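Have a look at the structure below, then the notes.
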Amino acid sequence: MLEINCPYCGKRAQKEFTYAGDAGAERPNLETGTNQDWFEFVYLRNNPRGLHDELWHHSAGCRRLIKVRRDVVTHEIIDTGAPSDSLSTGAS
Amino acid sequence: MQKYSIFSLARNALTSHKNWGEAWRNPDPKQEYDVIIIGAGGHGLATAYYLAKNHGITNVAVLEKGYLGGGNTGRNTTIVRANYLLPENELFYEHSLKLWEGLSQDLNFNVMFSQRGVINLAHTDAQVDAHQRRGNAMILNGADGVWLNKHEVKARAPLLDISDRARFPIKGGLLQPRAGTARHDAVAWGFARGADARGVDIIQNCEVTGIDIENGGVVGVQTSRGAIKAKKIGTAVAGHTGHIAAMAEMRLPIESHVLQAMVSEPVKPCLDTVVTSGATHTYISQSDKGELVMGGDLDLYNSYAQRGNFPRIEEVVASVISMFPAFSRLRLMRTWGGVMDMSMDGSPIITKTDINGFYINGGWCYGGFKATPGSGWVYAHTIANDTPHKLNEGFALNRFEHGYMIDEEGSGATPNAH
Ligand SMILES: Cc1cc2nc3c(=O)[nH]c(=O)nc-3n(C[C@H](O)[C@H](O)[C@H](O)COP(=O)(O)OP(=O)(O)OC[C@H]3O[C@@H](n4cnc5c(N)ncnc54)[C@H](O)[C@@H]3O)c2cc1C
Ligand SMILES: [Zn+2]
């Protein structure tokens, strides 16, 4: 089971969280976003085979969205933080 | 190709089965091919087979990074069905189901297709309505579908708990009698043998690491065994479509996720049909070896690892036991996972692209095994003619941009919810 470090609650079991998808998909500006911007936001994903920034909802905990940087090949969690935080690359 | 028959069996029995020839060659890659298919799973091999058989294109290589059939083709729960609501899906999968019905004969290889029926259980009044509507849609599209009340369900799967005490009481089920299961490895082997006999080179241990593009068209690939040229390149890499597309600088409406499956210890025959549940999204059948084969939902987070996590295993097993209390005594023998493309509308993508000569076959979500012959059939057509077959016109890549999604579940652009 994944152990996810919620920045608000500490280390918790994966079962307390709900996956909320790619954190890199950025919502276009409502005034200036073009059709193409919206299409890319809604449908296209980088889907990398390596490090992936993603949102998880601590649904059975503090109920806040958090950002997780995870290696999707090894499932290793590199860093976690608030959605607006910039996360470490894991290189030490 | 050495034809398999009762006579070849008898002849080889005389020499203690020591003189059977190899089923396919193991060639080194040539410098150039007319068509390169990336991925020797069922889809890639079927595509090569139909390129040769239906279109006379035999200067073809299938490049495989591991061994043939070692991907999802060898990892799935082998359910073959055509019980969809939307016409694009239903017509395509029904075509595939018809090919399954003649596949062992066509390939001269026993793919052990067993039409034991697939029952999709309904647990609420709303599900009863939805299942009956889907059954009618199937019939209108030329497939078979039969509504069973709960006693008729029980007659076909006696170990099911149909009492009102069940966690998800069973109201009835939608049966597709012609659906069933097949031997997963045999499908890859049969297509490999048939393609090889027609001149296709199947090259294993050959990972594609780059796609060479010049003036808006493909010219070849880079691989772990050197560069290979081709003017047409088609991907058939299941969960790795996004990874290959990135080599051609494309982003796709796909996320890669891990799906697990598991088997119990083998027991005597006790379930001779396939049971799937609309409430818990689990599916269960019994293999010829006697193991109960079970699967459920994705692990739900992006993954390129061919293994999953314990919470999902627990949920699948709990759901199965809630339907079949007798199975609670069995021990779980083995679990495994496979990486799947989850598309943004839950339907596959079989398409040409904006890059000349570059074709994509992916986005199979939970259900690409049953599509294997149909997918190879229409993908070969698409590659040979540079234009889609009637049955995959709807599965174009540009449908997302233009709003022609084929969203069977109606769950929108959330790949893990399909
Ligand atoms: C647990 C599980 C249960 C399933 N149950 C069912 C079911 O009951 N019914 C059903 O219809 N479907 C089911 N599916 C889905 C089904 O297995 C797949 O959709 C189908 O097998 C895909 O076939 P394929 O030939 O495209 O992929 P694969 O068999 O995975 O073949 C793709 C091949 O591409 C190779 N490859 C990848 N990258 C490269 C590269 N860079 N270079 C060269 N080769 C590469 C891989 O090694 C692999 O062998 C299930 C899947 C899983 C994981
Ligand atoms: Zn929290």
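Each protein sequence line maps, in turn, to chains A and B.
In terms of this note's numbering, the first sequence opens at residue 1 and continues consecutively.
In terms of this note's numbering, the second sequence opens at residue 93 and continues consecutively.
We treat Cβ as the ideally placed atom computed from N, Cα and C, and that holds for glycine.
Computed from a predicted structure; not experimentally measured.
N-terminal and C-terminal residue of the alpha helix (DSSP H) that residue i is part of
i: Ile149 (chain B); result: Taken as a continuous stretch (DSSP letters only), Ile149 (chain B) belongs to no alpha helix (DSSP H), as it is neither H nor E.
i: Val350 (chain B); result: Run containing Val350 (chain B): none in the alpha helix (DSSP H); it sits in the beta strand (DSSP E), Ile346 to Ser356.
i: Leu183 (chain B); result: Pro179 to Leu199
i: Ile475 (chain B); result: Thr464 to Asn477
i: Val366 (chain B); result: Val366 (chain B) -> not in any alpha helix (DSSP H); beta strand (DSSP E) instead, spanning Val366 to Ser369.
i: Leu101 (chain B); result: Ile98 to Leu106
i: Glu526 (chain B); result: As shown, chain B starts at 93 and ends at 510. That puts residue 526 (chain B) outside it, with no answer to give.
i: Val245 (chain B); result: Lys242 to Arg248
i: Thr333 (chain B); result: Thr333 to Met339
i: Ala410 (chain B); result: Phe402 to Met415
i: Glu493 (chain B); result: Arg491 to His494
is_contact[residue i, chain B] using C-beta, thresh 8 Å
i: His96 (chain A); result: Residue coverage of chain A in this structure runs from 1 to 92, which leaves residue 96 (chain A) outside it and unanswerable.
i: Leu65 (chain A); result: no
i: Asn29 (chain A); result: no
i: Tyr19 (chain A); result: yes
i: Gly11 (chain A); result: Note on identity: in this sequence residue 11 (chain A) is Lys, with Gly being the wrong assignment. So, not an interface residue.
i: Thr80 (chain A); result: no
i: Glu54 (chain A); result: yes
i: Leu87 (chain A); result: no
i: Thr74 (chain A); result: yes
i: Leu2 (chain A); result: yes
i: Asn5 (chain A); result: no
Beta carbon proximity, residue i to chain A, threshold 8 Å
i: Gly334 (chain B); result: yes
i: Leu392 (chain B); result: yes
i: Arg167 (chain B); result: no
i: Ala505 (chain B); result: yes
i: Met432 (chain B); result: no
i: Pro250 (chain B); result: no
i: Asn508 (chain B); result: yes
i: Met436 (chain B); result: yes
i: Ala397 (chain B); result: yes
i: Phe450 (chain B); result: no
Cβ-heavy atom distance, residue i to ligand 4, below 7 Å
i: Tyr19 (chain A); result: Among the ligands modelled here, namely ligand 1 and ligand 2, ligand 4 does not occur.
Distance, residue j Cα to residue i Cα
i: Arg27 (chain A); j: Phe39 (chain A); result: 10 Å
i: Val431 (chain B); j: Leu351 (chain B); result: 6 Å
i: Ala214 (chain B); j: Glu180 (chain B); result: 24 Å
i: Arg117 (chain B); j: Trp428 (chain B); result: 30 Å
i: Lys157 (chain B); j: Asp37 (chain A); result: 35 Å
i: Asp85 (chain A); j: Glu54 (chain A); result: 12 Å
i: Ile78 (chain A); j: Trp56 (chain A); result: 14 Å
i: Asn47 (chain A); j: Met342 (chain B); result: 11 Å
i: Pro7 (chain A); j: Gln14 (chain A); result: 14 Å
i: Val172 (chain B); j: Gly459 (chain B); result: 8 Å
i: Ser379 (chain B); j: Tyr396 (chain B); result: 27 Å
i: Asn175 (chain B); j: Pro507 (chain B); result: 21 Å
i: Val238 (chain B); j: Leu106 (chain B); result: 48 Å
i: Gln268 (chain B); j: Ala274 (chain B); result: 15 Å
Short Cβ contact (8 Å threshold) for residue i with residue j
i: Pro121 (chain B); j: Gly312 (chain B); result: no
i: Gly272 (chain B); j: Arg208 (chain B); result: yes
i: Ser348 (chain B); j: Asn307 (chain B); result: no
i: Lys324 (chain B); j: Glu124 (chain B); result: no
i: Val300 (chain B); j: Ile130 (chain B); result: yes
i: Leu177 (chain B); j: Glu500 (chain B); result: yes
i: Gly387 (chain B); j: Ala353 (chain B); result: yes
i: Glu16 (chain A); j: Ala82 (chain A); result: no
i: Val366 (chain B); j: Val220 (chain B); result: no
i: Phe184 (chain B); j: Leu483 (chain B); result: yes
i: Gly161 (chain B); j: Asp236 (chain B); result: no
i: Asn164 (chain B); j: Gly133 (chain B); result: yes
i: Thr374 (chain B); j: Ser411 (chain B); result: yes
Range covered by the beta strand (DSSP E) that runs through residue i
i: Ala222 (chain B); result: No beta strand (DSSP E) contains Ala222 (chain B), which is instead part of the alpha helix (DSSP H) from Asp217 to Leu232.
i: Ser377 (chain B); result: Tyr375 to Gln378
i: Thr301 (chain B); result: Val300 to Glu306
i: Phe283 (chain B); result: Not the beta strand (DSSP E): Phe283 (chain B) falls in the alpha helix (DSSP H), residues His276 to Ala289.
i: Val68 (chain A); result: Leu65 to Asp71
i: Val42 (chain A); result: From DSSP, Val42 (chain A) is part of no beta strand (DSSP E) but of the alpha helix (DSSP H) over Asn35 to Tyr43.
i: Gln268 (chain B); result: Gly264 to Gln268
i: Ile4 (chain A); result: Glu3 to Cys6
Interface partners of residue i on chain E, CB under 7 Å
i: Glu347 (chain B); result: Absence of chain E from the displayed structure is noted, the protein chains being A and B.
Chain-ordered list of residues that sit, by beta carbon, closer than 7 Å to a heavy atom of ligand 2: That gives A:Cys6, A:Tyr8, A:Cys9, A:Arg12, A:His58, A:Gly61, A:Cys62, A:Arg64 and A:Ile66.
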